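**Student:** Chains as they are written, first to last, in numbering that gives the first Met the number 0: chain A, 0 to 432; chain B, 0 to 83. Cβ coordinates follow ideal geometry from the N, Cα and C atoms, glycine included. Predicted model, so just to flag it, every value in this text is computed and none were measured.
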Amino acid sequence: MTLLQCLEQADYHTLAIDDLQQCSFPQLLEAAQQLRFKHVAVKQQAIAISYTNLVQFCTEILAFDGWCSQLYLLPDNSVALPADVIQLSDIDAQPRQNSGTARLSEHAATQWFMATSGTTGTPKWIAHSFDSLTRAVKLKPQSHTLRWALCYQPTRFAGLQVVLQSLLSGGTLVDCSAGDAELRVKRMHDNNVNAVSATPSLWRQLLMTGQLNMLALKQITLGGEIADQAILDALSKQFPHARLLHIYASTEAGAGFAVADKTAGFPAKWLQTGHSSLRFKIDNKQHLWLKPPHQPDCKLADRLDNDGFLDTEDLVEVSEERVHFLGRASGVINVGGNKVHPEQVEHVLLQHPAVVQARVYAKNSSVLGQLVAADVQVETGIDSKALKLQLVQHCMRHLARYQVPTQLNFVKTLATNASGKLSRNIQDISQHE
Amino acid sequence: MNIEQTIRDSLEQVALMANCQLIANINEDTVLLQSGLDSLGFAMLVAQLEEDLGVDPFSQMQIAVYPRTFGEFVSIYRQALQGG
């Protein structure tokens with residue numbers, strides 16, 4: 000079924016969106032049908048949409064899922080589109096098609112595309128099906144009473160999950176994706192939000208406002224980063240009766256799952272039993288592999304092993320009957336949900352004339368999950384204290400703030416592996432901690 | 000050891016590194032998120048204090064509430080150091 004068909008069948012009469020503009024489910028469905036009439040020409044074409052507001056975005060995904068062959072969700076930063084993809088904003092300028100020739104019957108399933116940050120630093124498009132995107136959606140009897148705060152951009156995996164969860168369960172969406180923590184909590188409070196999905200880092204900031212207890216939260220979801228026990232404990236103490244879920248989503252494997260027992264990691268017994276139609280295994284390099292129940296998209300298909308598993312490229316360890324996440328095998332650093340490629344930071348450090356060699360890696364942070372740390376080997380005879388500040392300022396000029404090393408260690412030599420490359424082996428890195 | 004002074008010194012140092020402009024006269028009622036330090040600066044402060052004081056009260060947090068003000072932040076470190 001398509002998104003539109005799902006909602007037509009559900010026949011909700013509640014408010015779908017409570018934002019600058021209010022919009023009920025019947026209004027949303029009507030607007031989506033009209034949009035299809037307006038864009039008969041793009042039927043079975045590949046189109047790209049971006050986000051300006053919730054009503055517009057939800058109308059577009061409802062109209063174009065099951066209508067276009069491919070639906071690209073353009074994130075706010077500019078990511079290059081394949082040549083055959085038309086941007087919806089460009090189509091608006093074209094003459095309107097004669098709606099008399101419109102046939103509103105739906106065709107093949109739409110492929111959804113979302114941009115991900117690849118290990119090389121170049122974003123790549125990953126295809127999803129409507130089925131795979133909605134697998135984690137939970138329909139509970141009281142779901143339609145939930146008022147969801149949208150805290151992420153809906154063109155990203157985590158944000159889209161919130162949008163789809165709310166739409167498919169008859170809940171109400173409130174855009175809380177802008178502003179600082181206090182502003183967001185105020186917006187949640189003013190709009191009677193009772194369900195929030197956010198990164199652990201954002202949850203810590205929301206807790207620091209001291210005002211989160213004003214909210215009557217029924218549903219708490221954590222995603223986008225590894226959820227540690229401290230944040231789960233803090234939230235379950237403050238909201239003992241709320242349903243508390245932490246979500247693991249692998250864009251690489253196009254699959255994910257939720258953990259509901261208020262404990263970090265996931266139960267090790269799932270490695271034997273599987274969970275929510277997924278099978279799990281861990282290889283000898285500590286990578287987590289997932290076997291999704293559906294055939295993944297063709298780009299992923301050649302990465303399947305003989306048993307149909309996909310490498311998530313996430314490192315895990317098993318201790319005390321739990322599987323705990325350690326980070327990305329590629330060394331990509333997750334600073335409060337922002338991905339940092341160590342190679343890019345190393346490249347910038349090496350541009351400084353005093354730097355001979357540099358290695359950038361993740362340092363665990365109880366506030367933002369991970370921070371960027373760097374070991375640098377510099378020319379001898381330089382005042383290291385002055386150089387440290389110089390290097391930070393140099394990085395500030397060439398990198399986003401979250402990419403700048405927060406810790407710089409001057410070292411005599413840096414370990415290289417057998418092929419002469421800097422080692423990103425987790426054991427080598429942990430020696431620095 | 001004066002814990003508050005150590006925290007103030009680290010705060011200045013981190014603000015310089017993180018390129019954050021701290022507000023003048025930070026006192027115990029100053030709201031941390033309005034001190035001029037953003038979430039990255041705050042994360043750096045906690046990391047720096049782990050080196051300076053040897054504790055990170057947020058990593059194994061037993062406290063029920065997150066600090067809102069500078070005073071609450073200092074008191075969490077005081078408790079963590081006395082407890083440990």
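1. Near B:Asp37, what residues of its chain come up, given a Cβ to Cβ distance below 8 Å and the 5 sequence neighbours on each side ignored?
2. Against B:Val45, what residues of chain A qualify as contacts under a CB-to-CB distance less than 8 Å, listed in chain order?
3. Counting only the same chain and skipping the five closest in sequence on each side, list residues whose C-beta sits under 7 Å from that of A:Cys5.
4. Just confirm the distance between the C-beta atoms of A:Ala248 and A:Phe156, as a whole number of angstroms; I'd bet it's less than 8 Å.
5. Do B:Ala42 and A:Leu370 have their C-beta atoms closer together than 8 Å?
6. DSSP state of A:Phe409, grouped into three classes?
7. Is DSSP giving A:Ala157 helix, strand or coil here?
8. For A:His393, count the other beta carbons within 10 Å of its own beta carbon; 16 or more makes it buried, fewer makes it exposed. Which is it?
9. In its own chain, which residues sit with a C-beta less than 8 Å from the C-beta of A:Asp18, not counting the 5 before and 5 after it?
10. Of the residues A:Thr379, A:Ala373 and A:Asn337, which one's Cα is nearest the Cα of A:Arg400?
11. Strictly below 9 Å CB to CB, what residues from chain B border A:Gly209?
12. Cα separation between A:Asn408 and A:Thr250?
13. Is the separation between the beta-carbon of B:Asn26 and that of B:Phe72 shorter than 8 Å?
14. Going by DSSP, what residue range makes up the beta strand (DSSP E) through A:Ser249?
15. Report the option in A:Lys384, A:Val366, A:Thr115 and A:Val410 whose CA atom is closest to the CA atom of A:Ala373.
16. Using CA coordinates, which residue listed in A:Pro74, A:Leu2 and A:Gly209 is at the minimum distance from A:Ser131?
17. Excluding five sequence neighbours on each side, which residues of the same chain lie with their C-beta closer than 8 Å to the C-beta of A:His12?
18. With H, G and I counted as helix, E and B as strand and the rest as coil, what does DSSP make of A:Ala92?
19. On the three-pair Cβ rule with 8 Å, is the stretch 227-246 of chain A touching the stretch 267-280 of chain A?
20. Suppose you measure from the CA of A:Met207 to the CA of B:Ala46; what does that come to, to the nearest Å?
21. Helix, strand or coil, according to DSSP, for A:Cys22 in the structure here?
22. How many Å lie between A:Leu149 and A:Val192 at the Cα?
23. Using a cut-off of 9 Å between C-beta atoms, extract the partners of B:Asn18 located in chain A.
24. Tell me the DSSP secondary structure of A:Lys139 in three-state form.
25. Within the same chain, show all residues whose beta-carbon is closer than 7 Å to that of A:Thr115, passing over the 5 residues directly before and after it, in chain order.
26. Return the residue from the list A:Leu61, A:Phe56, A:Thr198 and A:Trp147 that minimises the CA-CA distance to A:Val366.
27. Just checking, does the stretch 254-265 of chain A make contact with the stretch 351-360 of chain A on the three C-beta pairs under 8 Å criterion?
**Tutor:** Quick answer:
1. Ala17 and Cys19
2. Ser364, Ser365 and Val366
3. Leu167
4. 6 Å
5. yes
6. strand
7. helix
8. buried
9. Asn52, Leu53, Val54, Leu172, Val173 and Asp174
10. A:Asn337
11. Val30, Val64, Tyr65, Pro66, Arg67, Thr68 and Glu71
12. 33 Å
13. no
14. Arg242 to Ser249
15. A:Val410
16. A:Leu2
17. Ser23, Phe24 and Pro25
18. For A:Ala92, the predicted model reports a pLDDT of 46, less than 50, meaning its position is unreliable; a value from the coordinates is still stated below. Coil at A:Ala92, not helix or strand.
19. no
20. 17 Å
21. strand
22. 10 Å
23. Val391, Gln392, Met395, Arg400 and Val403
24. coil
25. Pro122, Lys123, Ile125 and Thr250
26. A:Thr198
27. no
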